[in-house]
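Here is the structure we will look at.
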Amino acid sequence: MKKLIYVLALGIFPLAFSCYGSNKINGEKELQTKPPFKIIEATYHSWVGGQPDVKGIKVNLVIDNTQIALDTIFFRNMKVKLKKDKSSSKNLYVGTFILEKKKEFRLDIDPKKEYGNEAPDVSVKIPFQLKKNEAVVSYSYKNKRVFYKVENIIESKPPSINN
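In full-length UniProt numbering, the protein residues as written are 1 to 163.
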């Protein structure tokens with residue numbers, strides 16, 4: 001009986017301590033609570049392209065630490081790589097999400113006439129549950145990929161084009 005208790009104790013204690021202090025969403029990605037940067041500005045706006053059905057969302061993040069490079073953003077069940085805007089005087093990162101246009105399908109009783117139809121998009125959901133105005137950014141810190149939740153992203157008006 002003592003051996004059974006000893007074996008159970010050796011198995012349970014390391015498991016309990018491995019979970020201590022972690023902040024995980026959906027049991028997959030650990031979120032940092034105190035990142036080595038401060039978000040100065042977090043905004044997004046919708047945009048429409050010059051072609052029919054071409055539209056998307058652009059997210060802008062300004063951070064105060066130039067030593068940190070943001071990598072990826074998860075927003076509204078989508079994921080995209082962030083790009084640093086080198087033309088800006090701010091430490092600005094931009095994520096551009098392109099919303100896919102609706103695809104036209106040819107439906108016919110003869111399956112040969114449906115040739116060319118593309119399979120539907122069955123993309124995987126992101127590993128975070130976020131509100132409409134929240135995002136998660138990833139970055140490298142001390143040779144580790146880290147995730148940070150950005151709350152209260154403000155919707156802004158798209159920049160006007162001056163002719």
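All residues carry an ideal CB built from backbone N, CA and C; glycine is no exception. Please read these numbers as outputs of a predicted model, since none were measured by experiment.
Mind reading off the beta-carbon distance from residue i to residue j? Whole number of angstroms is fine, and I expect it under 8 Å.
i	j	result
residue 59	residue 75	6 Å
Using 9 Å as the threshold, is the C-beta distance between residue i and residue j below it?
i	j	result
residue 96	residue 50	no
residue 148	residue 71	no
residue 62	residue 92	yes
residue 73	residue 137	yes
residue 107	residue 114	yes
residue 79	residue 126	yes
residue 64	residue 38	yes
What separation, rounded to the nearest whole angstrom, lies between the Cα atoms of residue i and residue j?
i	j	result
residue 159	residue 52	20 Å
residue 157	residue 111	46 Å
residue 42	residue 132	13 Å
residue 24	residue 47	The pLDDT assigned to residue 24 is 47, lower than 50, so where the model puts this residue is not dependable; a value taken from the coordinates is nonetheless given after this. Each residue's alpha carbon lies about 33 Å from the other.
residue 184	residue 150	The shown model of the chain, from 1 to 163, leaves out residue 184, and the question about it has no answer.
residue 141	residue 85	21 Å
residue 88	residue 128	30 Å
residue 118	residue 109	17 Å
residue 94	residue 116	35 Å
Find the nearest neighbour of residue i within the set the options, judged by alpha-carbon distance.
i	options	result
residue 130	77, 66 and 69	77
residue 152	141, 135, 142 and 144	135
residue 98	45, 155 and 154	45
residue 68	143, 154 and 109	143
residue 66	87, 94 and 36	36
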